[in-house]
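Novice: Those sequence lines, one after another, are chains W and Y.
Residues 1448 to 1763 (this note's numbering) make up the first sequence, in order.
Residues 61 to 161 (this note's numbering) make up the second sequence, in order.
Every residue, glycine too, gets a C-beta built ideally from N, C-alpha and C.
After the structure tokens below, expect a handful of questions from me.
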Amino acid sequence: MRQEDFLKLERRVDEVNEWRHRPANVYARDGLALVSKTATTGRDLKSAVKEAVDLIGGVRRALQPGDRVLLKANFNSDDPYPASTDLSFLAAAVELLRDEGIMNLTLGERSGWPWMPTSKVLKEMGVFEAAQKLDLPVLDFDAGPWMDVRLGKQAKWWEKAGFHKSLKDFDKIVYLPCMKHHFLASFTMSLKLTVGMVHPVDMQYMHADYDQGKTDEPMYLKMIELSLPVGPDLIIMDGRRSFVTGGPDSGEVVEPNVILASGDRIAIDVEGVKILQSYPRDNLIKVPVWEMPLIRRAVELGLGAKSEADYRVVTR
Amino acid sequence: MAEPTLIQQAIDAVRGLAVPESHVEEIQLLIKDLEEAKTTLFVRTAEAKPMLERCARAAEALKEAAGAQNWGDVAETAFGDFERAVSKLRNTILVRTQRAT
């Protein structure tokens, strides 16, 4: 989408509310959040995804047959994986959920505004075709309808933000992030995935730190507050390939060959960042992960684990 | 350093092409995108080179396809390829310069 067209987008909302989807993390043991790591080398992808989820307690711990489940993947741009979700990973996740009796699944997405319209990205990436084969409905978030959600007293940068109104129709939300460096936000994994459910016009405000010269309004600190009203019931992260520089659309690719799963956004992203840090590069993640402003703010906002002591990594 | 002249080659190839009425506005905008891209530092970087080469190739292919007697499937496909090539360049410049993600 050309910038002039983006700036002409209208912002209409049907209602203002205090909607929340902030499920308790059921993927915990002895009071500790769980993060699984499963190697994918030389094995079937679906079995790796299943193992990752089983290691933290299995699909059915969070999801039940009859649940209306939103899948939020990462079709941010029309660039190939790991810029955008790999269709084989999406298929593996869908098949795993269906095997567990979770049949009512919908994929919802809004691409990054330079690449919008989202329908064009989804078409270019073969998502519509893949979704048809999977009998998976696709919800294009571009058009709305939208609701303004008050973010509450914890939010410093937003009074309210526009979220897709259909979010109210889902019982559960599953995040399917990629695992990659981001040239502006440092990294984009589960914590940033929420942005793709937010009104595109709100991106003008979110990015004002740069394009309007408001350097005291860092994009990533605004971005993280969008996670206040909404969180996932389950996260399955595709870390088979990652960007360790650049991102979100291109960068140097490495192959960690791992799938991670958790119910805790901070814990899984911290583990993801640590994996990326094992490939030293001149990038934005060269500081200890718990000292990263994005993670520190996420902790302040109560989005998940507060330290290493709050979670346990499980492997086979 | 990338060849800035690749953009000019692409512009020259498609400027003045006879396209169906439904594509007239879009091709003008794509040419404008290329003209604007020419003014950026990004197009002088090594990262830009494959994108510029893609634009130039797609423009030549469109010129050839559009030169056929009737605008058909080949020309339509070539137009789509050109549009995608320019979009990729435009979006990358947007991300790099406007920090829009």
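(1) Return the bridge partner residues of Phe1634/W from the DSSP annotation.
(2) Answer yes or no: does any C-beta atom of chain W fall closer than 8 Å to that of Asn130/Y?
(3) Skipping 5 residues on each side, what residues in its chain have a beta carbon closer than 6 Å to that of Ala1495/W?
(4) Please name the residue, chosen from Phe1610/W, Cys1625/W, Pro1564/W, that lies closest to Trp1466/W on a Cα-to-Cα basis.
(5) Where does Val1761/W fall in DSSP's three states?
(6) Can you name, in chain order, every residue of its own chain whose Cβ lies under 6 Å from the Cβ of Asp1595/W, other than the five neighbours on each side?
(7) Using Cβ-Cβ distances below 7 Å, what residues of the region 1688-1708 of chain W are close to chain Y?
(8) Please report how far the alpha carbon of Asn130/Y lies from the alpha carbon of Val74/Y, in whole angstroms.
(9) Can the beta-carbon of Leu1675/W be found closer than 8 Å to that of Gly1599/W?
(10) Distance, Cα to Cα, Leu89/Y vs Ala128/Y?
(11) Using C-beta distances below 6 Å, list every residue in its chain close to Pro1512/W, excluding the 5 sequence neighbours before and after it, in chain order.
(12) How about Asn151/Y and Pro1695/W: are their beta carbons less than 8 Å apart?
(13) Please find out if some non-hydrogen atom of the ligand NAP comes closer than 7 Å to the beta-carbon of Asp72/Y.
(14) Is the beta carbon of Ile1671/W sitting closer than 8 Å to the one on Ala1499/W?
(15) Should the region 1751-1760 of chain W be called in touch with the region 105-125 of chain Y, which here means at least 3 C-beta pairs below 8 Å?
(16) Taking DSSP as the reference, what is the three-state secondary structure of Ala1530/W?
(17) Between the region 1625-1643 of chain W and the region 1515-1523 of chain W, can you find at least three pairs of beta-carbon atoms closer than 8 Å?
(18) Nearest to Gln1450/W by alpha carbon, out of His1654/W, Ser1633/W, Arg1476/W?
(19) Compute the distance between the beta-carbons of Thr1626/W and Gly1693/W, then report whether it is under 8 Å.
(20) Quick check on this structure: which residue in Leu1517/W, Val1621/W, Gly1678/W, Pro1647/W has the alpha carbon closest to the alpha carbon of Leu1748/W?
(21) Taking C-alpha atoms, which residue in Arg1763/W, Arg1458/W, Arg1744/W, Glu1755/W lies nearest to Trp1604/W?
(22) If we require 4 or more residues per run, which alpha helix (DSSP H) segments fall completely within the region 1579-1663 of chain W?
(23) Do Asp1616/W and Arg1515/W have their CB atoms nearer than 8 Å?
Specialist: Judging by the given coordinates:
(1) According to the DSSP secondary-structure assignment, Phe1634/W is paired through a beta bridge with His1628/W.
(2) For Asn130/Y, the answer is no, since every Cβ of chain W falls outside 8 Å of its Cβ.
(3) Correct list, in chain order: Thr1485, Thr1487, Ile1706.
(4) Checking every option, the nearest Cα to that of Trp1466/W belongs to Phe1610/W.
(5) Strand at Val1761/W.
(6) Result list for Asp1595/W: Val1460, Val1463, Lys1607, Gly1609, in chain order.
(7) The residues in question are Pro1695, Asp1696.
(8) For the pair Asn130/Y and Val74/Y, the Cα-to-Cα distance works out to about 17 Å.
(9) Judged by their CB atoms, Leu1675/W and Gly1599/W are nearer to each other than the 8 Å cut-off.
(10) Their Cα atoms are separated by approximately 23 Å.
(11) Only residues of its own chain outside the window of five on either side were considered, and among them Gly1548 have a CB closer than 6 Å to the CB of Pro1512/W, listed in chain order.
(12) No, these two residues do not count as a Cβ contact at 8 Å.
(13) Because no ligand of any kind appears in the structure shown, any question about the ligand NAP cannot be addressed here.
(14) Cβ atoms of Ile1671/W and Ala1499/W: not closer than 8 Å.
(15) Verdict: no, contact absent.
(16) Residue state, collapsed to three classes: coil.
(17) Between the region 1515-1523 of chain W and the region 1625-1643 of chain W there are three or more inter-stretch CB-CB distances shorter than 8 Å, so the stretches are counted as touching.
(18) Comparing Cα positions, the closest option is His1654/W.
(19) For clarity, residue 1626/W is Met in the given sequence; the question names Thr instead. No. Outside cutoff.
(20) Minimum Cα distance to Leu1748/W is reached at Gly1678/W.
(21) When only C-alpha atoms are compared, the closest one is Arg1744/W.
(22) The DSSP assignment places 1649-1653, 1655-1658 as complete runs of the alpha helix (DSSP H) inside the region 1579-1663 of chain W, in order along the chain (cut-off: 4 residues).
(23) Taking 8 Å as the Cβ cut-off, Asp1616/W and Arg1515/W qualify as a contacting pair.
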